[in-house]
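First residue of the sequence shown? That's -13 in the numbering used here, and the numbers climb one at a time after it. Glycine included, each C-beta is placed from N, C-alpha and C at the ideal position. Values in this document were obtained by computation on a predicted structure and should not be read as measured data.
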Amino acid sequence: MKGIRFLAVPVLVFGLALPMTVGAQDMSFGLEETGQSRAPVKLGKPSKRLAEAMSAFEAKKYDSAAMGFERVSAGKSKDGRGNRQRAQFLLGQSLFQMGYYQSALSVFDEISGDGPAHIDFGDTLEWLGLLASKLPESSGIIEKVGRYGIGALGQFKDDNPGLYNQLLYLMGRHLYAQASFRQAIDVFQEVDPGSPQYSYAKFFEGISFVRMRKSRPAIASFRAILDAIDAGDIEGVDEDRMRNLAWISLARVYYTAANQGKGGQIDGTLLGQSVESWTKIDQSSEYWLDSLFESSWAFFLADEYSRALGNVHTLYSPYFDDAFYPEALVLKAVTFFVNCQVDNAEATVAKFHDQYDPVKQELDSVLAKHQDNADFFEFLKQVQSGRADLSPRVRPIVSTALSDRTVLQHLEYVALLDREEARLAKSGDAFAGSPVGEKILEDVALAKAFAVDQAGDLARGRYKRLIRELRDLSNQVDTVELEIATFRRGQIDQELQQQMSLAKQSKGGDVNVDEEHQLWPFNGEWWRDELGFYRQQVTNLCTR
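(1) Got a sec, what are the start and stop residues for the alpha helix (DSSP H) Ser92 sits in?
(2) Quick check: what's the CA-CA separation for Thr7 versus Glu467?
(3) Just tell me which of Tyr311, Lys266, Phe310 and Phe323 has its CA closest to the CA of Tyr291.
(4) Does DSSP put Arg133 in a helix, in a strand, or in coil?
(5) Flag this pair as yes or no: are the beta carbons of Leu161 and Ala170 separated by less than 8 Å?
(6) Under 8 Å between the Cβ atoms of Ala387 and Arg448?
(7) Going by other Cβ atoms of all chains shown within 10 Å of its Cβ, with 16 needed for buried, is Thr334 buried or exposed?
(8) Count the other CB atoms within 10 Å of the CB of Lys318; is the residue buried (16 or more) or exposed (fewer)?
(9) Return helix, strand or coil for Thr525, following the three-state DSSP convention.
(10) Just the C-alpha distance for Ile470 and Ile267, rounded to the nearest angstrom, thanks.
(11) Indicate the three-state DSSP secondary structure (helix, strand or coil) for Gly9 in the structure shown.
(12) What's the gap between the Cα of His299 and the Cα of Arg454?
(13) For a test of the three-state rule: what should DSSP assign to Glu191, helix, strand or coil?
(14) With Leu257 and Tyr241 assumed to form a contact (beta carbons below 8 Å), what rounded beta-carbon distance in angstroms separates them?
(15) Please list, in chain order, all residues of the same chain as Gln152 whose beta carbon is under 7 Å from its beta carbon, the five residues on each side excluded.
(16) On the three-pair Cβ rule with 8 Å, is the segment 64 to 73 touching the segment 82 to 93?
(17) DSSP on Met228, reduced to helix/strand/coil?
(18) Determine the extent of the alpha helix (DSSP H) in which Ala73 is found, giving its start and end residues.
(19) Roughly how many whole angstroms lie between the Cα atoms of Asn526 and Gln395?
(20) Using a Cβ-Cβ cutoff of less than 6 Å, which residues in the same chain neighbour Gly218 once the five nearest sequence positions on both sides are dropped?
(21) Under a Cβ-count criterion, where at least 16 other Cβ atoms within 10 Å of its own Cβ denotes burial, should Thr110 be classed as buried or exposed?
(22) Answer yes if the segment 415 to 423 comes into contact with the segment 327 to 346, meaning at least three C-beta pairs across the two stretches below 8 Å, and no otherwise.
(23) By Cβ distance, which residues of its chain are closer than 7 Å to Leu295, with the 5 residues on each side in sequence left out?
(24) Is Asp213 near the ligand FMN, judged by its Cβ being under 7 Å from some heavy atom?
(25) I'd like the ranges of any alpha helix (DSSP H) spanning at least 4 consecutive residues and lying wholly in the segment 149 to 204.
(26) Does the separation of the CB atoms of Leu459 and Glu313 fall below 8 Å?
(27) Ser573 to Arg379, Cα distance in whole Å?
(28) Following the continuous alpha helix (DSSP H) through Asp464, name the residue where it begins and the one where it ends.
(29) Under 6 Å Cβ to Cβ from Asp216, same chain only, skipping five residues before and after it: list those, please.
(30) If we count Cβ pairs, one from each stretch, closer than 8 Å, do we get three or more for the segment 361 to 380 versus the segment 92 to 108?
(31) Label Gly423 either buried or exposed according to how many other C-beta atoms from any shown protein chain fall within 10 Å of its C-beta, with 16 as the threshold for buried.
(32) Can you tell which of Lys143, Val316, Glu123 and Tyr186 has its C-alpha closest to the C-alpha of Asn461?
(33) Using DSSP with H/G/I as helix, E/B as strand and the rest coil, what is His299?
(34) Is it buried or exposed, Tyr186, if we count other Cβ atoms within 10 angstroms and call 16 or more buried?
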């Protein structure tokens, strides 16, 4: 693609740590295959060992109970298949009560994997729902809930609505991960508006519509979050964060829709709605700088050059030294160029290379040292603790890139496994040295090895994406530089001439002052209360 005109419509990415790829298909049982009554085995009279374990369980002596249930489930008693399966189910409950959540998950994973052939398959769903509040998503809990048919959730609707809504949300997330967006939407829409999961369900409902390229229902989903927060119907969630997330999601949908007109026409109404949504985001929000940058492109498309560069000016203020928005310089160079300020455009291109070429080189060098996932996980921990061997220029960039919610969630999962391992070490030799203690240690070690590999792979992917995006931006800047050289030779193509002709007619580079504002020329000093309100005069030189 030739010409800077192709740089004007960047892709906007939705947040909240989304799993945007489709994973391997997990086993899913039919709606009728979810009840204990369908199990092909029966309970018999418990052996002495099982009876003692059940008595200890009732007395809340979970360590003794767990040791007994493990022996029974392992076939070290005279109990039949049904009793062994019940012992396995109670072992999972005992481990849960003791705080060994990973090992409990391993037990319930085996039960749910057996399907209706296990006598406690149906009842295990409740415990998976309880574990979802104890373990992060990176533990794989969502996929395990997804093994059940949607009909299995109805058993909790009246008796335990809290669990019911949580399981609905988890089931929706499973369907979303499988790219079954229509089914996921149907499930998300069943979540009760008064539940803590409602705003999250509406967010993923909106993203599902986005994935289906349906902007109107997506907008309705995101607005439903705002309506619920305004009505005070949401409890147990960070309302400020969800409100800001809804606004930035709305802005991105409006912006995308505005750029989908026939023949490349921009829909000014939708573009205006995107800008209005971006301005609703609080300055204290984690999404505020993103909103400033993203709205800059909208201002550019609307020929509001003074506002576009005013936002760029804010992004490069000393208050945000750790921020990383190299594309803002691309926007700045393009803005200068379409206004025929060729010298300024050239200077901005040079600034980009001076500022970011060394960053790209160092990023490449660091990646070459950490090719293996486990090694990159150690590097990730060093970054998080501030001990990574990085230059002051690159350290904040890498830290930001490797600190999104999904990466942090994986780190927390590893930390949780470390805590369970430490708990076992303090439990005493009798329990730690028993078969159930060895099982806990094995479960934690296996989960930890997988979690470390998964976290390292995820962080490495984030890091490589950072390099790839910086390389792409460098290529875009080179395109601007090529256009500048062509312009100086007087050989710009017809389409670009038309774009510049429109810039000639635009007054968007002027800074207008009304009775509520005052013009205060910038003298090198940033004022915090003016962040986000800066404007930069952009004089159009195309007519000169």
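Reading it off the structure:
(1) In the sequence shown, the residue the question calls residue 92 occupies position 106. Segment Tyr87 to Asp100, the alpha helix (DSSP H) holding Ser92.
(2) Along the sequence shown, read from residue 1 onward, the residue named residue 7 stands at position 21. Along the sequence shown, read from residue 1 onward, the residue named residue 467 stands at position 481. Residue placement at Thr7 is flagged as unreliable, the pLDDT there being 33, under the threshold of 50; a coordinate-derived value is accordingly withheld.
(3) Position 305 of the sequence shown holds residue 291. Comparing Cα-Cα distances from Tyr291 to each of Tyr311, Lys266, Phe310 and Phe323, the minimum goes to Phe323.
(4) Counting from 1 along the sequence shown, the entry for residue 133 is found at position 147. Coil, per DSSP.
(5) The residue you call residue 161 lines up with position 175 of the sequence shown. The residue you call residue 170 lines up with position 184 of the sequence shown. Yes, the Cβ-Cβ distance between Leu161 and Ala170 is below 8 Å.
(6) Taking the first residue of the sequence shown as position 1, residue 387 is located at position 401. Taking the first residue of the sequence shown as position 1, residue 448 is located at position 462. In this structure, the beta-carbon distance from Ala387 to Arg448 falls below 8 Å.
(7) Looking up residue 334 in the sequence shown gives position 348. With a 10 Å radius around the Cβ and a threshold of 16 neighbouring Cβ atoms, Thr334 comes out buried.
(8) Taking the first residue of the sequence shown as 1, we reach residue 318 at position 332. Label assigned to Lys318: buried.
(9) Stepping through the sequence shown from its first residue, residue 525 is reached at position 539. It is coil, neither helix nor strand.
(10) Numbered from its first residue, the sequence shown carries residue 470 at position 484. Numbered from its first residue, the sequence shown carries residue 267 at position 281. Rounded to the nearest angstrom, the two C-alpha atoms are 36 Å apart.
(11) Mapped onto the sequence shown, residue 9 falls at position 23. With a pLDDT of 34 at Gly9, under the threshold of 50, the modelled position of this residue cannot be trusted; read the value that follows with caution. In this structure, Gly9 counts as coil in the three-state DSSP scheme.
(12) Numbered from its first residue, the sequence shown carries residue 299 at position 313. Numbered from its first residue, the sequence shown carries residue 454 at position 468. Whole-angstrom Cα-Cα distance: 25 Å.
(13) For this step, residue 191 is matched to residue 205 along the sequence shown. Here Glu191 sits in helix by DSSP.
(14) In the sequence shown, residue 257 corresponds to position 271, counting from 1. In the sequence shown, residue 241 corresponds to position 255, counting from 1. Right, the Cβ-Cβ distance comes to about 7 Å (below 8 Å), so this counts as a contact.
(15) Translated into positions along the sequence shown, residue 152 becomes position 166. Once the five neighbours on either side are set aside, the close Cβ partners of Gln152 are Gly115, Ala118 and Gln183.
(16) With a cut-off of 8 Å, the segment 82 to 93 and the segment 64 to 73 do not count as touching, because too few Cβ pairs lie within range.
(17) Residue numbering aside, residue 228 sits at position 242 when the sequence shown is read from its first letter. Met228: helix per DSSP, three-state reduction.
(18) As a position in the sequence shown, residue 73 is number 87, starting the count at 1. Counting along the chain, the alpha helix (DSSP H) containing Ala73 begins and ends at Arg67 to Met84.
(19) Residue numbering aside, residue 526 sits at position 540 when the sequence shown is read from its first letter. Residue numbering aside, residue 395 sits at position 409 when the sequence shown is read from its first letter. Cα to Cα, the separation comes out at about 49 Å.
(20) Along the sequence shown, read from residue 1 onward, the residue named residue 218 stands at position 232. Cβ within range, chain order: n/a, list empty.
(21) Looking up residue 110 in the sequence shown gives position 124. By the neighbour-count rule (16 or more Cβ atoms within 10 Å), Thr110 is buried.
(22) Because the criterion of three Cβ pairs below 8 Å is not met, the segment 327 to 346 and the segment 415 to 423 do not touch.
(23) Here residue 295 is taken as the residue at index 309 of the sequence shown, counted from 1. Once the five neighbours on either side are set aside, the close Cβ partners of Leu295 are Lys318, Thr321, Gln522 and Val524.
(24) With respect to the ligand FMN, the structure offers nothing, as it holds no ligand at all.
(25) Unbroken alpha helix (DSSP H) runs of no fewer than 4 residues, entirely contained in the segment 149 to 204, are found at 167 to 174 and 184 to 197, following chain order.
(26) To locate residue 459, count along the sequence shown from 1; it is residue 473. To locate residue 313, count along the sequence shown from 1; it is residue 327. Yes, the pair counts as a contact, with Cβ atoms nearer than the cut-off.
(27) With the chain covering only -13 through 530, there is no way to say anything about residue 573.
(28) Residue mapping note: residue 464 aligns to position 478 of the sequence shown, counting from 1. Run containing Asp464: Pro421 to Arg474, per the alpha helix (DSSP H) assignment.
(29) Mapped onto the sequence shown, residue 216 falls at position 230. Nothing meets the Cβ criterion.
(30) Under the Cβ criterion (8 Å, minimum of three pairs), the segment 361 to 380 does not count as touching the segment 92 to 108.
(31) One-based indexing of the sequence shown puts residue 423 at position 437. Buried: at least 16 other Cβ atoms inside 10 Å.
(32) Position 475 of the sequence shown, counted from the start, is the residue given in the question as residue 461. Between Asn461 and the set Lys143, Val316, Glu123 and Tyr186, the nearest pair of CA atoms involves Val316.
(33) Here residue 299 refers to the residue found at position 313 when the sequence shown is read from its first residue. Correct three-state label for His299: helix.
(34) The sequence position of residue 186 within the sequence shown is 200, counting from 1. Flag for Tyr186 reads buried.
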